[in-house]
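Protein chains: 2
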Amino acid sequence: MKTKKVTFADIAKYTGFSKTTISRYFNDPDSLTLENQQKIADALDALDYKENKVGRILASGRTEFIGLIIPNLYMHYYSEMLNQILATYETYGYKFLVFAGNEKADVERKYIEELMAYNIEGMIVLSPTIPSDELASYNVPVVGIEREDRYISSVNTDNYMGGVQAASLLRKSDCDILIHVNGNIPDTSPASGRIKGFVDVCEEYNVPYELILTHLGNTFEKNRNKIEEIVALLEKKYPDKKKGIFMPNDTHANVLLNYLFQKYGKLPETYQIIGFDNSPISREAVIPTSTVGQQISLIANEAMKILSDQMEERKKRRPAPLKEPVHKIIPPILIRRETTA
Amino acid sequence: MKTKKVTFADIAKYTGFSKTTISRYFNDPDSLTLENQQKIADALDALDYKENKVGRILASGRTEFIGLIIPNLYMHYYSEMLNQILATYETYGYKFLVFAGNEKADVERKYIEELMAYNIEGMIVLSPTIPSDELASYNVPVVGIEREDRYISSVNTDNYMGGVQAASLLRKSDCDILIHVNGNIPDTSPASGRIKGFVDVCEEYNVPYELILTHLGNTFEKNRNKIEEIVALLEKKYPDKKKGIFMPNDTHANVLLNYLFQKYGKLPETYQIIGFDNSPISREAVIPTSTVGQQISLIANEAMKILSDQMEERKKRRPAPLKEPVHKIIPPILIRRETTA
Numbered sequence: 003m004k005t006k007k008v009t010f011a012d013i014a015k016y017t018g019f020s021k022t023t024i025s026r027y028f029n030d031p032d033s034l035t036l037e038n039q040q041k042i043a044d045a046l047d048a049l050d051y052k053e054n055k056v057g058r059i060l061a062s063g064r065t066e067f068i069g070l071i072i073p074n075l076y077m078h079y080y081s082e083m084l085n086q087i088l089a090t091y092e093t094y095g096y097k098f099l100v101f102a103g104n105e106k107a108d109v110e111r112k113y114i115e116e117l118m119a120y121n122i123e124g125m126i127v128l129s130p131t132i133p134s135d136e137l138a139s140y141n142v143p144v145v146g147i148e149r150e151d152r153y154i155s156s157v158n159t160d161n162y163m164g165g166v167q168a169a170s171l172l173r174k175s176d177c178d179i180l181i182h183v184n185g186n187i188p189d190t191s192p193a194s195g196r197i198k199g200f201v202d203v204c205e206e207y208n209v210p211y212e213l214i215l216t217h218l219g220n221t222f223e224k225n226r227n228k229i230e231e232i233v234a235l236l237e238k239k240y241p242d243k244k245k246g247i248f249m250p251n252d253t254h255a256n257v258l259l260n261y262l263f264q265k266y267g268k269l270p271e272t273y274q275i276i277g278f279d280n281s282p283i284s285r286e287a288v289i290p291t292s293t294v295g296q297q298i299s300l301i302a303n304e305a306m307k308i309l310s311d312q313m314e315e316r317k318k319r320r321p322a323p324l325k326e327p328v329h330k331i332i333p334p335i336l337i338r339r340e341t342t343a
Numbered sequence: 003m004k005t006k007k008v009t010f011a012d013i014a015k016y017t018g019f020s021k022t023t024i025s026r027y028f029n030d031p032d033s034l035t036l037e038n039q040q041k042i043a044d045a046l047d048a049l050d051y052k053e054n055k056v057g058r059i060l061a062s063g064r065t066e067f068i069g070l071i072i073p074n075l076y077m078h079y080y081s082e083m084l085n086q087i088l089a090t091y092e093t094y095g096y097k098f099l100v101f102a103g104n105e106k107a108d109v110e111r112k113y114i115e116e117l118m119a120y121n122i123e124g125m126i127v128l129s130p131t132i133p134s135d136e137l138a139s140y141n142v143p144v145v146g147i148e149r150e151d152r153y154i155s156s157v158n159t160d161n162y163m164g165g166v167q168a169a170s171l172l173r174k175s176d177c178d179i180l181i182h183v184n185g186n187i188p189d190t191s192p193a194s195g196r197i198k199g200f201v202d203v204c205e206e207y208n209v210p211y212e213l214i215l216t217h218l219g220n221t222f223e224k225n226r227n228k229i230e231e232i233v234a235l236l237e238k239k240y241p242d243k244k245k246g247i248f249m250p251n252d253t254h255a256n257v258l259l260n261y262l263f264q265k266y267g268k269l270p271e272t273y274q275i276i277g278f279d280n281s282p283i284s285r286e287a288v289i290p291t292s293t294v295g296q297q298i299s300l301i302a303n304e305a306m307k308i309l310s311d312q313m314e315e316r317k318k319r320r321p322a323p324l325k326e327p328v329h330k331i332i333p334p335i336l337i338r339r340e341t342t343a
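Protein chains in written order, with the numbering used here: chain A, 3 to 343; chain B, 3 to 343.
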């Protein structure tokens with residue numbers, strides 16, 4: 003920042019090109035031959051040119067900014083996904099303007115409007131708050147992850163397969179009753195596939211099952227209270243049965259596991275637990291917890307790949323916009339640890 | 003974004019001012035009377051003017067961007083701090099360009115250089131990687147949190163007091179030997195105060211103690227291996243003694259607690275554990291864990307307050323830069339839970 007500024011005039015003098023040519027190099031490089039582009043690039047190195055990105059942004063619209071909207075950082079899955087997305091900087095060079103909406107739709111909307119005023123080149127949205135048709139209307143490339151995605155591109159885990167894997171593992175662990183706890187998820191959310199996969203396995207093999215569809219809350223205290231209620235209900239309804247419980251994510255599976263440990267000093271033999279995500283907490287738990295693993299690093303990288311392709315396309319002289327959103331499905335990986343037989 | 007663009011000419015026509023006056027409103031508002039500023043502001047409302055922030059940025063340098071550099075998102079303390087800092091958007095309106103350096107100094111340095119090219123207005127740095135004199139040389143306001151801060155402003159927990167609190171609690175829990183596990187921290191890091199506070203209490207009351215200063219690693223697997231080694235060492239050296247262990251943070255306290263649970267099916271009576279931070283994992287653990295609480299929300303807000311004051315100062319026509327960095331110390335709060343008597 004403290005080196006003397008190299009101007010377009012300096013670069014023109016050094017290369018023998020006109021200032022207009024130098025300006026075209028920054029604003030419309032494709033209008034120069036590759037050879038001339040290379041000459042100017044070499045001159046920039048030689049002159050130790052520090053670009054003023056803000057100036058370049060104004061000229062070209064290439065801000066290299068991506069808006070990243072996550073629901074919260076309480077859930078370990080989101081911290082880990084954020085970590086993996088930020089790490090793509092080394093590969094792609096895009097910078098992330100990060101916001102955690104914490105379910106405040108109005109603040110999230112205001113934030114996105116602001117991002118638009120900054121000419122962000124694209125968005126990655128994990129938050130389910132704003133419908134995809136509204137996101138698509140902003141007219142920048144958007145990739146959703148594990149949220150309603152009818153009008154935007156997306157990368158999602160194969161949730162149906164995940165539900166099948168969880169139910170199959172619990173069924174083979176000789177459970178008498180299979181329980182799936184989840185939010186009251188709309189059919190348009192990819193996560194609803196888990197419920198369907200779970201139910202299909204139970205029905206195909208005539209295994210008794212129960213769905214407990216209720217919002218567990220976004221703080222530990224709320225989770226804990228809800229999960230205590232659920233355990234009380236299950237122990238009343240199925241006192242001596244072996245209960246196989248498929249939790250909606252590893253954070254909530256960990257709350258259940260710790261509650262049972264506090265109550266019984268161990269995981270009783272009448273309980274089997276499986277979570278979802280393979281987020282760090284599943285390995286770090288008091289007993290390493292079985293889980294349907296999302297390939298978080300792969301999802302982050304696929305999302306950046308799709309977004310980057312679309313952002314690059316828009317920089318061409320004759321961009322060919324996507325006719326339909328791209329939806330990429332990543333298989334889950336069943337991870338058997340110590341909370342299932 | 004899709005409304006017809008309102009130009010300076012439109013605003014000039016509506017208000018009767020010249021285009022130069024309109025331009026001055028955006029680029030140097032103080033050069034107009036308050037009355038005329040108000041007239042133009044009203045016109046913008048009436049015309050439903052959508053500002054092009056990039057244009058305004060170039061003119062005024064007010065990007066409203068803050069660079070936020072964290073070490074990693076594996077430690078629950080950093081996720082929680084990030085959450086609290088992002089939440090200040092509602093109060094201050096600044097947008098955060100977030101980067102997790104994961105100890106790669108070169109990538110972190112490259113990222114910061116890029117941020118400078120975008121005219122960020124300030125930085126909040128939690129990562130210890132880059133020395134404070136180098137951060138100060140970028141010539142934008144910087145606030146450090148819990149890192150070496152000789153040449154930059156900072157907000158830190160009173161780490162010495164934290165060490166005193168932890169040692170005092172373990173001493174009163176009738177431990178025979180007090181152990182403090184921590185990284186091999188340089189004296190310039192605020193966290194070194196914990197070691198000093200811990201040692202001072204032990205020496206004042208003639209309590210036997212041991213410092214285990216070693217890097218525990220930044221992944222769960224590395225933590226786990228190191229902590230297993232430490233437990234083996236302690237059980238060999240102090241087989242029947244009651245051991246009071248002060249861990250460097252709640253994430254590592256949780257790894258220790260879970261390891262002991264896996265080994266003994268409970269927290270043996272010969273162990274007392276206290277962590278540091280009061281991050282969510284300390285409440286969510288298999289036994290709620292005692293901890294020296296950092297006031298994370300207060301720290302985040304104080305950091306933004308100091309940074310915002312300095313950023314505002316620089317926007318004045320005759321800014322008065324800080325003569326000395328500001329260092330704010332926040333007291334820790336001892337939280338007694340179930341891992342200490």
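Ideal placement from N, C-alpha and C gives every residue a C-beta, glycine not left out. Quantities reported herein were computed from a predicted structural model and do not represent experimental measurements.
- Annotation: A:G219 has no Cβ neighbours in chain B at a cutoff of 8 angstroms; minimum Cβ distance is about 13 angstroms.
- Contact annotation, B:F248 with B:I181: C-beta distance approximately 7 angstroms; criterion of less than 8 angstroms satisfied.
- For A:I68, the beta-bridge partners assigned by DSSP are A:F98 and A:G124.
- The beta carbon of A:A302 is closer than 7 angstroms to those of M83, Q86, I87 and T90 in its chain, skipping five residues each way along the sequence.
- Contact check between the stretch 98 to 114 of chain A and the stretch 62 to 73 of chain A: three or more CB pairs, one atom from each, fall below 8 angstroms, which counts as touching.
- With a threshold of 8 angstroms between beta carbons, B:E326 makes no contact with chain A.
- With contacts defined by Cβ atoms closer than 8 angstroms, B:V127 and B:V144 form a contacting pair.
- Assignment of beta-bridge partners to B:N184 by DSSP yields B:L215.
- By the rule that beta-carbons nearer than 8 angstroms mark a contact, B:G185 does not touch chain A.
- Relative to the Cα of A:S284, the nearest Cα in the group A:D135, A:L171, A:L236 and A:L258 belongs to A:L258.
- Interface residue (Cβ-Cβ distance to chain A less than 8 angstroms): B:N303 is not classified as such.
- In chain order, E286 make up the part of chain B whose C-beta sits under 8 angstroms from the C-beta of A:N256.
- Contact note: A:N85 reaches chain B through N74, L75, Y76 and A102, using a C-beta cutoff of 8 angstroms and chain order.
- Per the DSSP secondary-structure output, A:S292 pairs in a beta bridge with A:I276.
- Listed along chain A, no residue sits closer than 9 angstroms to B:V127 by beta-carbon distance, the nearest being about 15 angstroms off.
- Closest option to A:N184, judged by alpha-carbon separation, among A:A322, A:T221, A:N251 and A:R152: A:N251.
- Taking a contact to require three or more Cβ pairs closer than 8 angstroms, the stretch 265 to 275 of chain A and the stretch 295 to 315 of chain A do not qualify as touching.
- Contact fails between the stretch 163 to 170 of chain A and the stretch 235 to 242 of chain A, because fewer than three Cβ pairs, one in each stretch, are under 8 angstroms apart.
- Per the DSSP secondary-structure output, B:N158 pairs in a beta bridge with B:I331.
- The beta-carbon of A:E116 is placed less than 8 angstroms from the nearest beta-carbon of chain B.
- The alpha-carbon of B:K174 is positioned some 14 angstroms away from that of B:L336.
- For A:K330, there are no C-beta contacts with chain B under 8 angstroms, since the nearest C-beta of that chain is about 24 angstroms from it.
- Around the CB of A:S20, fewer than 16 other CB atoms lie within 10 Å, so the residue is classed as exposed.
- Runs of the beta strand (DSSP E) spanning 3 or more residues and lying entirely within the stretch 189 to 250 of chain A occur at 211 to 215 and 245 to 248, in chain order.
- C-alpha of B:I197 to C-alpha of B:P327: approximately 25 angstroms in a straight line.
- Between the alpha carbons of B:M118 and B:E315 lies a distance of about 19 angstroms.
- Ranked by Cα distance from A:Y162, the options A:A193, A:Q39 and A:E66 are led by A:A193.
- Secondary structure of B:L269 (DSSP, three-state): coil.
- When the Cα atoms are used, B:I214 and A:T293 turn out to be separated by approximately 35 angstroms.
- Taking the Cα of B:A14 as reference, the smallest distance to any Cα among B:A43, B:L36 and B:D32 is reached at B:A43.
- Within the same chain, Cβ atoms closer than 8 angstroms to the Cβ of B:F222 are found at Y76 and V257, the five residues on either side in sequence being excluded.
- The beta carbons of A:I122 and A:T65 sit about 6 angstroms from each other, so the pair counts as a contact at 8 angstroms.
- Boundaries of the beta strand (DSSP E) harbouring A:V144: V144 to I147, taken from the DSSP string.
- B:I337 has B:T293 as its beta-bridge partners, per DSSP.
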